[in-house]
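*Asks:*
Residue numbers (the UniProt record's numbering): 1 to 555.
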């Protein structure tokens, strides 16, 4: 059975890796590809963040590919403690299955080999393999070998050996990678992708060089004109007019596909009406039309971008907010909280909103921190005191952190994201029900619908702390974890009662605005809190291992 968890202070906060655009570039001596056979094995170091952002070409020289940014490197001798902590680190797109909690969660050199395989595949293809559409899908994709059918034959066998999901079946060391690399033959003549092939070879050299260079790192981190590979497709010069028509079309299609918008696809079709990718473009057009239709259809889910949270469009409607005295007495609500759920009132949600299908995950929030450099240095969000995967809800985030994440999503999508109001949250949680919980009044089925404090209920939900989002049954609006798992920040300032509260679904912006409401209960909450009407409050700067959030998107 689980024990109570500290609610306001998390132990051993983990420093967050700075924004890669401003990170000090810790440069390794480079070794040309024809010298990599002489490199020693890595000296008890796992990089844990191999990605295109951390591979640079000095002055564009492919023989001088360099690995940078050892800020989250991990020692593998002794007890294998991280240099900044034991929790997840790295970029989700290039993370290994072990970094996502699969196959025993043991991160060693084989994890770097997996990440290197993804980088090499991207270098060879000129585009990512697409291994992280969402945190939940990223975990599922790590359970099987990626699709390598488009990878050049000269690299496919090596990548297959590097990208085995089970680390026990994967190449075990960089020396084994080099042994396979000896058998790779470069393309005989210059053609589309040749430069990408050499980029891949240069990356192998740079990663192999880590082994011989760890012992001689020097504190001169100046970049000296090193060009970051901020996307290996961008490292390949765009074909010049007339140089290679097929390459030009491929580049145009890749741009349209990456944008994923109707204007971008139409631009490709107008330029190449009989092109090689016309069928794919028409299929993408249909996908975009379905997505845009879903954004305005109640009950349908959609995303505004590949890394955005999945949202569900809610129907408009009215509901009775709060609880009756009879419900509070039956549920054993403590006297200090009994007045907070009343007086009941009818609230009309007449505006169109979509709400997160799931709570915001650790992976989604980590991408925000990585991209923006949002300051979380005094936070326990990476190490709340219990194990989490990228698919778990993020915790140890303040109300201000949640607002910052919403602002970032708004900027990158051009849409308006924010925290839900209390009224919007309760409307979404109830999903047209009037019972205490969206499955009924009883707690008999609670472990089928919610991750709760098992010592307080007569069932087991199989999770001692947070559960990956979406593991329990949803409500009638197809929303998951509206009750249990983590309590969720909402927009409203705290008021001890609903006297004079809005009836149009808007937020309460007066009262005690040093406190903000949280809703839904958590894995650490008593049963009476696992109700649609239950309310709680916390200081806006609170970081707690059982508080997270989800967002709404408004039109």
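Note that the Cβ used here is the ideal one computed from N, Cα and C, for glycine as well. Keep in mind it's a predicted model, so treat the numbers as computed, not measured.
Check this for me: beta carbons of residue 422 and residue 490, under 7 Å apart or not?
*Replies:* yes
*Asks:* With a cut-off of 8 Å on the beta carbons, I'd call residue 309 and residue 148 a contact; round off their distance for me.
*Replies:* The C-beta distance from residue 309 to residue 148 rounds to 29 Å, too long to meet the 8 Å contact threshold.
*Asks:* Between the stretch 348-361 and the stretch 461-480, can you find at least three pairs of beta-carbon atoms closer than 8 Å?
*Replies:* yes
*Asks:* Does the Cβ-Cβ distance between residue 517 and residue 537 come in under 7 Å?
*Replies:* yes
*Asks:* By DSSP's criteria, residue 515 is part of a beta bridge. Which residues make up the other side?
*Replies:* 539
*Asks:* Of the choices 102, 314, 100, 116, whose alpha-carbon is the least far from that of residue 47?
*Replies:* 116
*Asks:* Going by C-alpha to C-alpha distance, which of 151, 383, 150, 427 sits closest to residue 313?
*Replies:* 427
*Asks:* In or out: residue 106 buried (at least 16 other Cβ within 10 Å) or exposed?
*Replies:* exposed
*Asks:* In three-state terms, what does DSSP make of residue 189?
*Replies:* Caution applies to residue 189, whose pLDDT of 39 falls short of 50 and renders its modelled position unreliable; the value that the coordinates give is listed next. Of the three classes helix, strand and coil, the one that applies to residue 189 here is coil, per DSSP.
*Asks:* Out of curiosity, what's the CA-to-CA distance linking residue 539 and residue 271?
*Replies:* 56 Å
*Asks:* Is residue 545 helix, strand or coil when you go by DSSP?
*Replies:* Residue 545 falls in the coil class under three-state DSSP.
*Asks:* Taking the C-alpha atoms as reference points, what is the distance between residue 169 and residue 161?
*Replies:* 8 Å
*Asks:* Across the stretch 436-455 and the stretch 365-373, are there enough close Cβ pairs to call them in contact, namely three or more that are closer than 8 Å?
*Replies:* no
*Asks:* Quick one: what does DSSP say residue 113 is sitting in, helix, strand or coil?
*Replies:* helix
*Asks:* Between which two residues does the beta strand (DSSP E) holding residue 360 run?
*Replies:* Neither: residue 360 is in no beta strand (DSSP E) and is coded neither H nor E.
*Asks:* Along the alpha helix (DSSP H) that carries residue 407, what are the first and last residues, could you check?
*Replies:* 399-413
*Asks:* Quick check on the DSSP output: what are the complete alpha helix (DSSP H) runs of length 4 or more inside the stretch 436-480, in order along the chain?
*Replies:* Within the stretch 436-480, the complete alpha helix (DSSP H) runs of at least 4 residues are 446-449.
*Asks:* Which residue or residues does DSSP assign as beta-bridge partners of residue 487?
*Replies:* 547
*Asks:* Please report the residue range of the alpha helix (DSSP H) in which residue 554 lies.
*Replies:* Careful: residue 554 lies outside any alpha helix (DSSP H), inside the beta strand (DSSP E) at 552-554.
*Asks:* Name the two residues that bound the continuous alpha helix (DSSP H) containing residue 330.
*Replies:* 325-331
*Asks:* So what's residue 368 in DSSP terms, helix, strand or just coil?
*Replies:* helix
*Asks:* Thinking C-beta only, is residue 51 closer than 7 Å to residue 94?
*Replies:* yes
*Asks:* Which one of 398, 431, 463 has the shortest CA to CA distance from residue 542?
*Replies:* 398
*Asks:* If distances are taken between C-alpha atoms only, which option among 263, 362, 509 comes closest to residue 307?
*Replies:* 362
*Asks:* Roughly how many angstroms lie between the CA atoms of residue 84 and residue 383, to the nearest whole one?
*Replies:* Low per-residue confidence applies at residue 84: pLDDT is 26, beneath 50, and the placement is therefore not dependable enough to give any value.
*Asks:* Quick check on the burial criterion: 16 or more other C-beta atoms within 10 angstroms. Buried or exposed for residue 513?
*Replies:* exposed
*Asks:* For a minimum of 4 consecutive residues, which ranges assigned as the alpha helix (DSSP H) are wholly contained in the stretch 260-286?
*Replies:* 262-271
*Asks:* With a threshold of 8 Å on Cβ separation, who are the neighbours of residue 506 within its own chain once the five nearest residues in sequence on each side are excluded?
*Replies:* Contacts found: 421, 423.
*Asks:* Could you give the uninterrupted runs of the alpha helix (DSSP H) lying entirely in the stretch 118-181, keeping only those of 4 residues or more?
*Replies:* 135-141, 153-162, 174-181
*Asks:* Quick check on the DSSP output: the alpha helix (DSSP H) that includes residue 423 runs from which residue to which?
*Replies:* 422-430
*Asks:* Count the other CB atoms within 10 Å of the CB of residue 411; is the residue buried (16 or more) or exposed (fewer)?
*Replies:* Its Cβ having fewer than 16 others within 10 Å, residue 411 is exposed.
*Asks:* Using 7 Å as the threshold, is the C-beta distance between residue 345 and residue 338 below it?
*Replies:* no
*Asks:* Considering only residues of the same chain and omitting the five flanking positions on each side of residue 510, which have a CB-CB separation below 7 Å?
*Replies:* Shown here for residue 510: same chain residues with a beta carbon closer than 7 Å to its own, the five before and five after excluded, namely 493 in chain order.
*Asks:* Return the bridge partner residues of residue 393 from the DSSP annotation.
*Replies:* Partner residues in the beta bridge of residue 393, as assigned by DSSP, are 361.
*Asks:* Start and end of the beta strand (DSSP E) containing residue 530?
*Replies:* Unbroken run through residue 530: none, as it is neither H nor E.
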